[in-house]
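Q: One structure, as structure tokens, below. Some questions next.
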Amino acid sequence: MTAIVLISGSLRRDSVNGVAIATVRTLLLRREPQPGTVLLDLRSLPYYDQDLDVGDGPQPVARARRLIANAEAVVISTPSYNGGAPGVLKNALDWLSRPWGDSALTGTPTALLSASPGPRGAADAQPGLRINLERSGAVLIDHPLVALGNAEGMTRTEAGFTDPSVLALLGEFTDAVWAGRRHTTGPAHDGLHVTPVF
Ligand code: FNR
Numbered sequence: 027m028t029a030i031v032l033i034s035g036s037l038r039r040d041s042v043n044g045v046a047i048a049t050v051r052t053l054l055l056r057r058e059p060q061p062g063t064v065l066l067d068l069r070s071l072p073y074y075d076q077d078l079d080v081g082d083g084p085q086p087v088a089r090a091r092r093l094i095a096n097a098e099a100v101v102i103s104t105p106s107y108n109g110g111a112p113g114v115l116k117n118a119l120d121w122l123s124r125p126w127g128d129s130a131l132t133g134t135p136t137a138l139l140s141a142s143p144g145p146r147g148a149a150d151a152q153p154g155l156r157i158n159l160e161r162s163g164a165v166l167i168d169h170p171l172v173a174l175g176n177a178e179g180m181t182r183t184e185a186g187f188t189d190p191s192v193l194a195l196l197g198e199f200t201d202a203v204w205a206g207r208r209h210t211t212g213p214a215h216d217g218l219h220v221t222p223v224f
């Protein structure tokens, strides 16, 4: 099953990164042909433990690896926790980065944005994540930096942010994701195996 895989680096119920991911999903679903979209819920993954990383790994890890290895693209929205990615996101990338040299992320087109209630939009979390992704073999999709500042006050619905300027910015970001995705075989993922957060 092919899909564009969406990841919020925050587990918080009212996460602005969750809203950013919901917005990107809404914009992607307007595309033709309509892509499958899947939210990878980071809660499903155990703490990385090399002793558990044998064979395909624990079942949720194996599933996440399959999802990413077959993804048309991956989109990540992250907060900044003390200048870096939250542990849950780094944990997921560590699972996805193995086995070394043949990680699920190898060759996977990946786009990164960030959001925060503060004015800088968690931009400081992005450089470290880019290094993690590149070391894991991901292909970073080329696009201008997107760091949504003061995001807590932005108007929104369940489908995401509604402010026209934010939609324009995320529209350009989504254009880049669409152009940078790869074409994988198989029917579009139906998204049924996801725990939706939006
Ligand atoms: C934060 N926050 C934060 N904000 C920021 O702009 N720079 C930072 O370094 C940090 N560091 C940080 C560490 C930890 C442990 C927490 C819990 C929070 C605040 C953060 O931006 C805020 O909680 C956001 O709302 C998190 O994003 P979501 O959950 O809204 O997506």
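Numbers given in our numbering equal positions in the sequence shown, counted from 1, plus 26. The beta-carbon is built from N, C-alpha and C at its ideal position, and this holds for glycine as well.
Confirm, please, whether the CB-CB distance from LEU68 to VAL114 is below 8 Å.
A: Closer than 8 Å, so yes.
Q: What is the DSSP secondary structure of ASP216, counted as helix, strand or coil?
A: Because the pLDDT at ASP216 is just 48, under 50, the model does not fix this residue reliably, and the point stays unresolved.
Q: Check for me: the alpha helix (DSSP H) holding ILE47 runs from which residue to which?
A: First-last of the alpha helix (DSSP H) with ILE47: 42-54.
Q: Would you check whether the ligand FNR has a heavy atom nearer than 7 Å to the C-beta of ASN43?
A: Result yes, Cβ under 7 Å from the ligand FNR.
Q: What are the start and end residues of each continuous alpha helix (DSSP H) run of 4 or more residues lying completely inside the region 173-219, in chain order?
A: Within the region 173-219, the complete alpha helix (DSSP H) runs of at least 4 residues are 190-206.
Q: What did DSSP end up calling GLY154 once you bin it into helix, strand or coil?
A: It is helical.
Q: When burial is assigned at 16 or more other CB atoms within 10 Å of the CB, is ASN108 buried or exposed?
A: That one is exposed.
Q: Give me the Cβ distance between ILE30 and THR63, rounded to the nearest whole Å; I'm assuming they're in contact under 8 Å.
A: 5 Å between Cβ atoms; contact.
Q: Touching or not, the region 88-97 and the region 138-156, by the rule of three or more beta carbon pairs under 8 Å?
A: No, they do not touch.
Q: Quick one: which unbroken beta strand (DSSP E) runs of 3-plus residues sit fully inside the region 75-120? Chain order, please.
A: Segments of the beta strand (DSSP E) lying fully in the region 75-120: 99-104.
Q: In three-state DSSP terms, what is ALA137?
A: DSSP places ALA137 in strand when its eight states are reduced to three.
Q: Give the C-beta separation of ASN43 and ALA194 to the nearest angstrom, bearing in mind that I take them to be a contact with Cβ-Cβ under 8 Å.
A: ASN43 to ALA194, Cβ: 19 Å. No contact.
Q: Along the chain, where does the beta strand (DSSP E) that runs through SER34 open and close?
A: Start and end: 30-34.
Q: Considering only heavy atoms of the ligand FNR, does any lie closer than 7 Å to the CB of ASN108?
A: Within the cutoff, so yes.
Q: Give me the Cα-Cα distance between LEU54 and GLY186, rounded to the nearest whole angstrom.
A: Cα-Cα distance, rounded: 12 Å.
Q: Apart from the five residues on each side of it in sequence, which residues of its chain come closer than 8 Å, Cβ to Cβ, to ARG161?
A: Correct list, in chain order: SER123.
Q: Compare the beta carbon distance of ASP128 and TYR74 with 8 Å and say whether it is the shorter of the two.
A: No, the Cβ-Cβ distance between ASP128 and TYR74 is not below 8 Å.
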